[in-house]
Amino acid sequence: MTQCHKAALAALLGALVLGSAGCGGGDEPPSDVVLVTHDSFAVSDDVKAEFEKTSGLKLRILQSGDAGELLSKALLTAGNPQGDVLFGVDNNLLSRALDGDVFEQYASPHLAHVDERYVLDPEHRVTPIDHGEVCLNYDKAWFSEREIEPPQSLDDLVDPRFAGLLVVENPATSTPGLAFLFATVVRYGEPSWQDFWRRLRENDVLVVDGWEEAYNVRFSGAAGRGSRPIVVSYASSPPAEVIFAAPRPDEAPTAVVEDSCFRQIEFAGVLRGARNEGGARKLVDFLLGERFQEDIPLSMFVFPVNSSADLPPEFKKFAVVPESPLELPPGEIGKNRDRWVKEWTSIVLR
Amino acid sequence: MDEHRAPVSAHAWRALTYGVPLAFLALFFAYPLASILERGLGSGENIRSPLDVLTDPLTREVAWFTLWQAVASTLLTIAVALPASYVLGRYAFRGRNVVAAAVTVPFVLPTVVVALAFLAVLPEGLERGWAAILIAHVFFNVAVVVRVVGAFWAGLDPRVSEAAATLGASPARSFREVTLPLLAPVLASAASIVFLFSFTSFGIVLILGGPRYSTLETEIYNQAVRMFDLRTAAVLALVQLVCVALAVWAATHLEQRLALGGQRRAERHVLRPLRTRGEKAFAAASLGSLAIFLGVPLAVLVESSLAVGDGYSLEAYRALGRPTDALLATPWEAVLNSVVYAAGAAVIALVVGGLAAFAVAGSRGGGARLLDGSLMLPLGASAVMVGFGFVIAFDTKPIDFRSSPWIVPVVQALVAIPFVVRIVAPTLRAIDERQREAAAVLGASPGRVRREIDLPVAGRALGVAAGFAFAISLGEFGATVFLARPDSPTLPVAIFRFLGRPGELNTGQAYALAVILMAVVGVSVFAVERVRALRTGWV
């Protein structure tokens with residue numbers, strides 16, 4: 002499709018919807034800034050209002066499917082993006098985003114408050130915003146009623162005691178599923194991780210398509226009345242079970258197996274070709290600033306990377322921040338991701 | 012149509028009925044799809060050539076499964092839906108409109124929500140795999156057959172089969188030799204829609220199939236989104252498009268060959284009360300069994316929306332009144348957004364689809380058939396590829412339509428238009444040509460013929476089509492899912508957001524919103540038909 006065709010088409014479209022599209026004409030600086038993000042993005046109203054007040058810019062939020070769909074669209078529109086800032090690319094997909102030349106360099110002054118271990122791109126094309134750990138969760142009541150010790154480690158999962166108790170997500174279709182596969186690769190190394198999964202399969206692991214089914218339907222410890230007391234979810238799931246319960250219980254009904262946790266870091270970046278680059282930088286600063294960072298735990302159920310941000314009391318009381326979670330460099334993930342998923346599929350599903 | 016009498020008006024009408032639908036389709040379907048296919052096939056970074064993809068045994072395996080499950084789902088759906096279509100198409104009884112509206116409800120529910128309900132309902136061992144996929148496809152698509160076939164049946168002159176009975180034909184023989192041939196075109200029409208929906212099934216296959224089953228659509232998604240291998244995705248999307256085009260061609264061909272005309276009558280002359288005990292028993296049995304089949308998963312959703320801790324309460328519904336971070340709005344605003352978008356989409360679909368229906372019904376030529384078939388393609392094209400196509404097709408500065416709110420109803424209308432055509436065209440086509448000729452002989456202009464003969468007869472069908480288009484748009488199928496949304500969430504979007512958050516209350520709110528979606532769909536479909544009935548004085 003040539004530019005000429007496109008221009009003709011645009012003119013036609015323009016005539017069709019005259020007046021309905023708010024296309025600010027001329028060279029005036031845009032009065033809004035557009036954040037492109039995934040469906041899990043959330044922010045409190047007053048926090049959003051504060052950004053708009055201090056920056057003088059209207060914040061428009063464009064949500065675009067899950068993290069994979071978000072990145073695919075960003076890659077398709079690299080250089081002519083749908084917005085100014087993208088939030089929601091994580092370390093699992095970071096190398097693909099950087100290879101696709103989606104972002105513009107920008108180093109926010111707030112990075113001074115961010116631990117080096119979260120800064121995975123030394124060129125600052127992306128800025129870390131939050132981290133969350135994918136961990137095994139278990140249903141405390143299920144184990145205490147049966148007087149069985151809950152699992153303590155990944156190794157425990159292949160023990161016959163835990164046969165038929167675990168539900169995991171398919172790494173080909175689910176982000177936490179993928180993170181859990183990485184956790185086993187880091188822990189057991191190549192090619193032993195494959196033996197671990199063969200033994201998990203013998204131990205009757207249940208594989209489902211996505212987190213929604215695993216956690217809400219198959220897991221016995223949450224809203225569902227499933228039969229599996231161990232599930233792959235997040236370190237922040239136990240506090241969510243307290244906050245979103247009526248009435249609130251005194252302690253979380255679920256707990257995390259710290260040994261199994263794999264770290265995910267989510268990044269934001271100024272999109273190359275952004276219409277409002279100045280506004281985009283202001284927005285990245287805001288995302289990394291204290292006000293937004295303190296809003297993160299209760300709106301998105303992940304942890305802030307800014308060390309000066311205070312955690313809400315529910316998180317201090319019920320959440321575990323794993324001391325030394327399993328990690329993989331994004332380059333290694335980018336190189337091996339597809340092969341690991343393929344090998345996993347032939348071991349566990351075929 | 013008498014072209015000698017008013018050639019200018021006839022030509023203008025022809026240009027309008029063909030031109031508007033074709034332009035709409037070209038701009039909002041063909042152009043974005045072609046853009047993404049061009050980009051995908053042209054992307055050179057991959058080692059796999061298109062030929063490698065085509066000859067891969069995995070491709071053949073996936074294509075074969077896609078095909079046979081779609082055929083099986085279609086046949087099963089027709090078998091399950093036919094008795095209820097008969098009852099709705101032949102008898103007048105209290106609550107007939109309620110039944111018709113209720114049947115529509117499952118069709119528009121988000122697949123994820125229904126799949127989760129099915130997991131809870133289906134017995135152990137059957138809850139995953141191909142059988143679960145087929146059952147779910149029947150659950151979703153029964154509405155298509157009952158509504159499309161039922162609406163046509165209700166206008167079919169019963170005197171023909173009564174005559175057959177008078178001449179000594181048994182009810183079975185009269186059905187086989189008189190009614191079935193008259194219904195055949197509309198059955199083919201409904202079947203092709205069910206086939207396309209099953210062929211491109213996505214959420215159902217992912218969840219109820221378990222990780223071992225995939226269709227072309229799930230594989231395209233996998234390649235385009237997970238692997239970002241656009242070339243493989245484009246090749247698979249082309250394979251899917253060719254299969255779909257063949258199926259559509261066969262269906263429209265069949266439909267036209269089967270069309271017999273037959274006498275159309277207004278519904279009030281056709282429907283009659285249930286008289287004998289046998290009739291009453293048959294109606295009760297067919298509607299009752301359908302109610303159980305459709306009702307149990309829906310009841311599970313209602314129950315899940317009320318379950319709190321170990322007991323039941325309205326807590327999830329109360330929570331919907333509060334603003335939530337999950338949506339950047341209150342859930343009630345999502346309900347309002349949904350209704351506004353769906354109303355817009357229904358208007359677009361009714362105008363574009365209504366014009367197309369006149370074109371399709373007005374001619375038996377290849378042009379009409381091509382238009383009819385082309386309008387079906389959006390149902391069978393890869394939703395993810397069309398969605399991605401929108402992202403790269405409408406990106407010219409300074410006008411950027413990729414994220415305008417109005418793109419949402421436009422894409423919703425793409426899916427609703429074929430339904431409007433399918434519901435309205437067979438009725439128009441079956442209008443006795445002699446009525447039009449008689450009117451013309453008496454001096455009526457073609458415009459007046461359309462206004463005074465075609466429109467009143469099509470009224471019933473237009474009413475059904477409007478309700479259906481509205482409902483389809485509420486359910487948001489196809490490429491709508493893959494559009495980037497500005498911060499005005501709709502009901503299905505809100506349901507996904509809540510479902511994606513941990514915590515019992517969030518899950519409860521997701522199910523509560525699903526129940527509200529059910530209610531909105533049921534009430535609106537009922538109201539649309541009610542308004543039409545009052546206006547035209549039909550019952």
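Residue numbers (our numbering), protein chains in the order written: chain W, 2 to 351; chain D, 12 to 550.
Note that the Cβ used here is the ideal one computed from N, Cα and C, for glycine as well.
Which chain D residues are close to S65/W, counting only those with a beta carbon under 7 Å from its beta carbon?
A495
Ends of the alpha helix (DSSP H) at D286/W?
E278 to L289
Between the alpha carbons of A11/W and A340/D, how many angstroms are there, rounded?
In this prediction, A11/W scores a pLDDT of 49, lower than 50, which makes its location untrustworthy; no coordinate-derived value is stated.
Strictly under 8 Å for the Cβ-Cβ distance: is A247/W near chain D by that measure?
yes
Tell me which same chain residues have a C-beta within less than 6 Å of the C-beta of F52/W, skipping the five on either side of it?
L60 and F287
Going along the region 209-223 of chain D in order, which residues come within less than 8 Å of chain W, judged by CB to CB distance?
L217, I218, G221, P222 and R223
To the nearest angstrom, how far is the alpha carbon of S349/D from that of I428/D?
18 Å
Taking only the alpha-carbon atoms, compute the straight-line gap between R302/W and E267/W and give it to the nearest angstrom.
Residue identity differs from the one stated: residue 302/W is Phe in this sequence, not Arg. The alpha-carbon atoms of F302/W and E267/W are separated by roughly 12 Å.
For L76/W, which residues in chain D fall below 8 Å Cβ to Cβ?
F239
Looking at the secondary structure, which residues open and close the alpha helix (DSSP H) in which F293/D lies?
R288 to L317
Alpha carbon to alpha carbon, what distance is there between A451/D and V460/D?
7 Å
Count the other CB atoms, across all protein chains shown, that sit within 10 Å of the CB of S261/W; report buried if there are 16 or more and exposed otherwise.
buried
Limits of the alpha helix (DSSP H) - the one that S261/W falls within:
Note, S261/W: premise wrong, no alpha helix (DSSP H); beta strand (DSSP E) at T255 to L272.
Rounded C-alpha distance that separates S209/D from Q80/D
7 Å
Three-state secondary structure (DSSP) at V120/W?
coil
Buried or exposed: W143/W, going by 16 or more other Cβ atoms within 10 Å of its Cβ?
buried
Please compile the residues from chain D whose C-beta is within a distance smaller than 9 Å of the C-beta of T176/W.
The contacting residues do not exist; T176/W stays about 10 Å from chain D at best.
E230/D at chain W interface by Cβ criterion, 8 Å
no
Please list, in chain order, the residues of the region 334-347 of chain D that have any C-beta partner in chain W closer than 7 Å.
P334, D336, A337 and L339
Using the C-alpha atoms, what's the distance from L317/D back to S324/D?
5 Å
Identify whether V536/D lies in helix, strand or coil by the three-state DSSP scheme.
helix
Consider the Cβ of V313/D: report whether some Cβ of chain W lies at a distance smaller than 8 Å.
no
Count the other CB atoms, across all protein chains shown, that sit within 10 Å of the CB of I483/D; report buried if there are 16 or more and exposed otherwise.
buried
Does the beta-carbon of E515/D have 16 or more other beta-carbons within 10 angstroms, so that it is buried, or is it exposed?
buried
Can you look up V303/W in the DSSP assignment and give me helix, strand or coil?
coil
Between N81/W and chain D, is any beta-carbon pair separated by less than 8 Å?
yes
Give every residue of the same chain whose Cβ lies closer than 8 Å to the Cβ of V189/D, excluding the five residues on either side of it in the sequence, and list them in chain order.
V171, S172, A175 and A180
Run the CB neighbour count on P82/W, radius 10 Å, all protein chains shown included, and call it buried at 16 or more, exposed below.
buried
Using a Cβ cut-off of 8 Å, pull out every chain A residue sitting near E326/D, in sequence order please.
Included in the structure are the protein chains W and D, with no chain A among them.
With DSSP collapsed to three states, give me the class of S385/D.
helix
Determine the contact status of S65/W and V37/W, defining contact as a CB-CB distance below 8 Å.
yes
Neighbour list for F39/D in chain W, Cβ cutoff strictly below 9 Å:
Near F39/D there are no residues of chain W at all, since even the closest Cβ is about 10 Å away, more than 9 Å.
Who are the Cβ neighbours of H111/W in its own chain at under 8 Å, not counting the five residues just before and after it?
D286, L289, G290 and N307
Kindly list the residues whose CB is nearer than 6 Å to the CB of D205/W, restricted to its own chain and excluding five residues on each side of it in sequence; keep chain order.
A164 and G165
Could you check where the beta strand (DSSP E) with L137/W kicks off and where it finishes?
T128 to D140
Which of helix, strand or coil DSSP assigns to I348/W:
helix
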